Amino acid sequence: MIDQTGSPPPPHKRRVRYSGKYPRRFEEKYKEHDPGRYAETVAKVLVSGKTPAGTHRPIMVAGILEALAPRPGDVAVDCTLGFGGHARELLARIQPGGRLLGLDSDPIELPKAEARLRGLGFGPEVFISLRRNFAGLPQALWEAQIQGADMILADLGVSSMQLDDPGRGFSMKNDGPLDMRMNPGRGQPASALLAGIRAEPLRVLLEENADEPHAATLAPVLAGKQFDGTTALARAVRAALPRLNKEDGDDSIRRVFQALRVAVNDEFSALETFLRQLPACLNPGGRAAVLSFHSGEDRRVKKSFQAGLRAGLYAEASEVLRAEPEERRANPRSTPAKLRWARRSK
Ligand SMILES: C[S@@+](CC[C@H](N)C(=O)[O-])C[C@H]1O[C@@H](n2cnc3c(N)ncnc32)[C@H](O)[C@@H]1O
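Our numbering numbers the first residue of the sequence shown as 1259 and each following residue consecutively.
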């Protein structure tokens, strides 16, 4: 059938059928993917302490706003735009007159975050986004014609959208290709890394990237192997550690996934480069806040802020701050979060 505009109607899309009362798989949660139409379902998911599919809940928002102290007219950089939750809060506080540059290396989620923020009324004169690794922050600032930032935020690691979508390969629960690249157009997937690595370098990688206590047992079992998908890898980890109870076994699987993700995305070297360049990207008196989720990240942030303090680059650096118990209960993904901030000297 042709409508009055002369175009054929869009093909009818059947919603995904699922067995049982509630959808379990990411792609079956069509109501959570459409919060505009199904606000009630999304509210129920949030109350239950879960993150609705295809979204991300910003963590430690109050602590970050207190640390960064955004004011009208400020120039802000969100180095890890993700869903845009933190950016939205900053944008609202730097108006009128302020600008925010949002970076993210993920070419799949970045256009969605940009569209979301545009939909909230933040036009190109106040918000611009670039698909960039934050290791290239000085170049990104130059491209956006920003001389120096009043505040810079980095919320490290992966977003809930990336973690929950089995197609991205980060999920240990739902099967998907063993990929784990934040930018699927760059580098090698985790499956290729495992297939090409020998036992000793893998042991070191598991220890250094995730403090895995069973690295010596796991490395010879996993190195050089071809895994079909994420759950095949999870099963192999569990089978290699038969004496562990379910909880400890799951912790090892989680750490193996983390170690591979850090390696695949070269996360530590990006973080170190970013931290080295950070003071020079801030205006005098400008503030930086970094939210980290495991010891390998927090160690680097702490060391860099303390060294900057000793060198006189920073006038102040905070102790570690944690999510309040209430936030941890409402959003368990905030439990491991560690926030540190530093203020550039004048
Ligand atoms: C925890 S999420 C950020 C969530 C965001 N603060 C929000 O409120 O929605 C981390 C994001 O950082 C991105 N990311 C991780 N490492 C990056 C890097 N080196 N450069 C740029 N983006 C990176 C990921 O793709 C992901 O979207």
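Ideal Cβ positions, reconstructed from N, Cα and C, are used throughout, including at glycine. Since this is a predicted model, take the numbers as computed values, not measurements.
Run through DSSP, which three-state label would residue i get?
i	result
K1370	helix
R1439	coil
M1430	coil
L1491	helix
E1582	coil
A1538	helix
S1550	strand
L1414	coil
L1480	helix
L1375	helix
R1513	helix
A1573	strand
D1261	Residue confidence for D1261 is low, a pLDDT of 39 falling below 50, so the modelled location carries little weight; the figure read from the coordinates is stated next. Here D1261 sits in coil by DSSP.
P1268	The predicted position of P1268 is uncertain, since its pLDDT is 49 and thus under 50; a value taken from the coordinates is nonetheless stated next. Here P1268 sits in coil by DSSP.
L1518	helix
G1331	coil
K1604	coil
G1312	coil
G1606	The shown model of the chain, from 1259 to 1604, leaves out residue 1606, and the question about it has no answer.
R1444	coil
R1501	coil
D1556	helix
D1408	strand
G1543	strand
Going by CA-CA distance only, name the one from the options that's closest to residue i.
i	options	result
S1576	G1544, R1586, T1313 and K1560	K1560
D1508	A1492, A1528, E1574 and L1540	A1492
E1585	P1310, H1291, A1448 and R1315	R1315
S1562	T1593, P1542 and F1526	F1526
E1465	G1312, V1520, R1376 and R1601	V1520
A1325	T1309, G1381, G1377 and A1412	A1412
G1434	A1497, A1498, A1490 and G1443	A1490
V1462	L1414, A1528, A1497 and V1514	V1514
N1441	L1529, D1524 and G1554	D1524
R1568	R1545, R1376 and A1600	A1600
H1230	D1422, I1317 and A1402	The question about residue 1230 has no answer, for the chain in this structure spans 1259 to 1604.
L1368	P1382, G1342, R1351 and R1346	G1342
Q1446	P1354, A1350, V1522 and G1566	V1522
D1437	F1485, P1590 and G1394	F1485
Q1535	L1502, Y1572 and N1503	Y1572
S1603	R1587, E1574, A1595 and L1597	E1574
A1517	L1460, L1579, A1547 and G1381	L1460
Beta carbon of residue i: closer than 7 Å to some heavy atom of ligand 1?
i	result
C1337	yes
V1548	no
A1393	yes
G1379	no
A1528	yes
F1428	no
E1679	The structure shown does not extend to residue 1679, since the chain is modelled only from 1259 to 1604, so the question has no answer here.
L1361	yes
L1344	A quick correction: the sequence has His, not Leu, at residue 1344. It does: the Cβ of H1344 is within 7 Å (strictly closer) of some heavy atom of ligand 1.
F1385	no
M1440	yes
Q1420	yes
H1552	no
V1416	yes
P1459	no
F1515	no
D1469	no
P1594	no
D1413	yes
F1563	no
E1443	Reading off the sequence, residue 1443 comes out as Gly, not Glu. G1443 Cβ: outside cutoff for every heavy atom of ligand 1.
D1509	no
P1618	Outside the shown range of the chain (1259 to 1604) lies residue 1618, about which nothing can therefore be said.
D1364	yes
G1340	yes
Let's see if you can read the secondary structure: which residues bound the beta strand (DSSP E) around residue i?
i	result
S1387	F1385 to R1389
M1419	From DSSP, M1419 is part of no beta strand (DSSP E) but of the alpha helix (DSSP H) over S1418 to D1422.
L1358	R1357 to D1362
So the alpha helix (DSSP H) residue i belongs to, where does it begin and stop?
i	result
E1458	A1457 to A1468
A1350	G1343 to I1352
L1399	L1395 to E1401
L1452	A1448 to G1454
G1321	V1319 to L1326
Is the segment 1453-1473 touching the segment 1534-1541, taking contact as three or more C-beta pairs under 8 Å?
-> no
Are the segment 1379-1386 and the segment 1350-1361 touching by the rule of at least three beta carbon pairs closer than 8 Å?
-> yes
With contact counted as at least three CB pairs below 8 Å, one residue from each stretch, are the segment 1408-1425 and the segment 1333-1346 in contact?
-> Yes, they touch.
Is it true that the segment 1475-1486 meets the segment 1417-1430, where meeting means three or more beta-carbon pairs spaced less than 8 Å apart?
-> no
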